[in-house]
Amino acid sequence: MRDVEPSPAACAGGCTINADLHSHSTASDGLLTPAAVAQRAHANGAAMWALTDHDTLAGQAQAAAQAALCGMRYVYGVEISAVALDTPIHIVGLNMRTDCAALHALLAANRAARERRAQEIHRRLARLGFRGALSGAREQAGATEVLARPHFARYLVASGQLPSVQIAFERLLGDGKPCDVPVLWAQGEAAIAAIKAAGGVAVLAHPLAYRLTREQMHALVDWFAFAGGHALEVVSGSWEQPGDIDSLVQLAKKHGLSASGGSDFHGGAEAKVDVGCARPIPPGILPVWQHWS
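First residue of the sequence shown? That's 22 in the numbering used here, and the numbers climb one at a time after it.
This is the structure:
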C-alpha cells in the first residue's frame, strides 16, 4: 500500500526519474529482504533505486540482481554512522565500488562498535527489568551482521514487554533515553574519505533528523561541504514537510551541493513512506545522479 503517491524527480535537461536513493532491508534494520525491497520499489514505479543499509554491504549483490530482473537502474549504496561537530550523523554513500578495502575496514569498525553498544543496551534493559534483550534482539536481527536499536525494540514488542516499537523508543531506546548508549562512530571525514576511495558520492542524510538549531544546521552543512561531501538529502521520507524541502534546497545550493532523496524505507508498520513513493527532488538544483550519469 502506498503512503505517498510516487512522483518523478526532476533532473537537468527536462527528463524525469522516480529515484529512491535511501532504503533499508534485512541486511541491517529493515523488515524485508533486499530482493523484496527491490520488487516493492519497482511495483511503486521507481526507475532508479539504492539499498543503503546501515554499516554493511551485505545486501548489495541480492539487491542489484533483483533490480536488474525488474529493469530498474540500481545504485550501490550504504548508510554510514558517523560523528561530526560532536553530532552523531548518517552519511549515505552512493554509486561506489563494493570491493574497496578502506570502505570495508571502516564499516567493520562501525559494526564492532554496534556490538559493544548492544551488550550495554542489554545490561541497561536488564537493570530495568526487561528480560532476554540481547538474545531476543539477535533473533529479530536474523542473519544480519548489523545489530541495531530497532531489533531490541521489536523484541520487546514481540515478547509482550512493551506495546509498540514507538513506545520502546520513546521510553527506552530513543536519543537521550535510559538505554540510549553513546557510540564511538567513525569520524565524518573518514566516512567521506572511504566513500570517495570507493569511487562513490557522499550524501548528508536526513539533516532534519538531528534536531539542530538553524545555526547548528548551517555549520554542519558547511562542514560537510568543506570535508568533500557531494550532496544534501533534501527529501528523507517523513522527516520534512514541503516547506522544509525548499529550505534544504536553498541550503544545499548555498554550499555548492547537489540534492538527493529517498523514502528511508524500513518496511512494515514502521514505514511512514513506502519505497519508491518519496516526494520528488524539486527542479532548480542539480540531482545527485548527475555525478554518475
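Positions of the beta carbon are idealized from the N, C-alpha and C atoms, including for glycine.
What does a CB cutoff of less than 7 angstroms around residue i pick up in its chain, not counting 5 residues either side in sequence?
i           : result
residue 287 : 45, 50, 51, 52
residue 33  : With a pLDDT of only 37 at residue 33, under the threshold of 50, the placement of this residue in the model should not be trusted, and no figure is reported.
residue 72  : 44, 46, 55, 58, 80, 81, 84, 98
residue 91  : 59, 60, 63
Nearest to residue i by CA position, among the options, is which residue?
i           : options            : result
residue 211 : 239, 245, 164, 237 : 245
residue 313 : 85, 57, 94         : 94
residue 148 : 121, 125, 193, 90  : 193
residue 87  : 290, 77, 204, 63   : 63
residue 70  : 43, 289, 56        : 43
residue 265 : 276, 74, 235       : 235
residue 214 : 126, 143, 97, 60   : 126
residue 115 : 305, 283, 146      : 283
residue 121 : 273, 216, 289, 237 : 216
residue 272 : 237, 290, 105      : 237
Tell me which same chain residues have a C-beta within less than 6 angstroms of the C-beta of residue i, skipping the five on either side of it?
i           : result
residue 177 : 183, 189
residue 141 : 202
residue 118 : 219, 220
residue 230 : 260
residue 285 : 43, 257, 258
At which residues does the alpha helix (DSSP H) containing residue i begin and terminate?
i           : result
residue 156 : 154–162
residue 166 : Note, residue 166: premise wrong, no alpha helix (DSSP H); not H, not E.
residue 268 : 263–275
residue 312 : Counting along the chain, residue 312 falls outside any alpha helix (DSSP H), and DSSP gives it neither H nor E.
Leaving out the 5 sequence neighbours to the left and right, which residues in its chain are closer than 8 angstroms to residue i when beta-carbon positions are compared?
i           : result
residue 103 : 109, 110, 111, 112, 206, 207, 208, 209, 211, 212
residue 157 : 173, 176, 177, 179, 180
residue 76  : 49, 99, 100, 101, 102, 128, 131, 132, 135, 167
residue 277 : 246
residue 250 : 112, 213, 223, 224, 225, 278
residue 198 : 190, 191, 192
residue 200 : 142, 145, 146, 149, 173, 193, 194
residue 263 : 300
residue 123 : 214, 215, 218, 219
Tell me, which residues are paired with residue i by DSSP?
i           : result
residue 391 : Any question about residue 391 goes unanswered here, given that the chain covers just 22 to 314.
residue 317 : Because the chain is modelled from 22 through 314, residue 317 falls outside the range shown and cannot be assessed.
residue 242 : Residue 242 pairs with nothing; no bridge assigned.
residue 100 : 75, 113
residue 286 : 44
residue 207 : 103
Let's see if you can read the secondary structure: which residues bound the beta strand (DSSP E) around residue i?
i           : result
residue 115 : 108–115
residue 283 : 279–283
residue 225 : 222–225
residue 253 : 252–257
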